[in-house]
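J.: For reference, each letter of the sequence shown is one residue, going 275 to 409 in our numbering.
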Amino acid sequence: MAKKESIKIAACDCNDNCDHHECHCSHCYDMELAAMNVPLDTLFELSEFFKFFGDTTRIRILQILLGGEISVNDIAGKLNLEQSVVSHQLRILRTANLIKPRRDGRKMFYSLDDEHIGSIFKIGLSHILHKKEGK
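Shown next, in the form of structure tokens:
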């Protein structure tokens, strides 16, 4: 990602005297991100990243993995899908580094790659539920 630059904002919601160098509020962080010169190839990577969330089966798998590591067979059972269908989607998620595999003998187990993936899922779901409630 592009080098983080210090940006001076005239005013901040968190503190009228905020010079934006010491502040860590979400408003200042958003202002920094908006002002960053993010390279086009990085923005392309971000758009490609979000495409992996564009399939209901993959979203359902990610939801299950929020609960922790689970085997392919158990995922297939919870989704009432053939193991081959689940394995195909797991392969896509693994290629995108959204999940990580672990082998135990002949069984494969999967978990979320890191806490960012769970956070993205939760924020997206929160946004959808917020809009459904009309708030």
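No residue lacks a Cβ here, since even glycine has one placed at the ideal position from N, Cα and C.
Which of helix, strand or coil does DSSP assign to F383?
T.: strand
J.: Going by the DSSP bridge assignment, what does P375 pair with across the sheet?
T.: The partner list for P375 (beta bridge, DSSP) reads Y384.
J.: Report all residues from its chain with a CB closer than 6 Å to the CB of K278; omit the five preceding and five following residues, and keep chain order.
T.: Here the model assigns K278 a pLDDT of 44, short of 50, so the residue's position is not dependable, and the following value carries that caveat. Excluding positions up to five away in sequence, the list is empty.
J.: Nearest by alpha-carbon distance to E343: which of E319, Q363, F383, F327 is it?
T.: F383
J.: Of all the alpha helix (DSSP H) runs that stay within the bounds of the region 315-349, which reach a length of 4 or more residues?
T.: 330-339
J.: Any idea if I373 is buried or exposed, counting beta-carbon neighbours within 10 angstroms, 16 or more meaning buried?
T.: Buried, since its Cβ has 16 or more Cβ neighbours within 10 Å.
J.: Express the C-alpha separation of L314 and L386 in angstroms, rounding to a whole number.
T.: 27 Å
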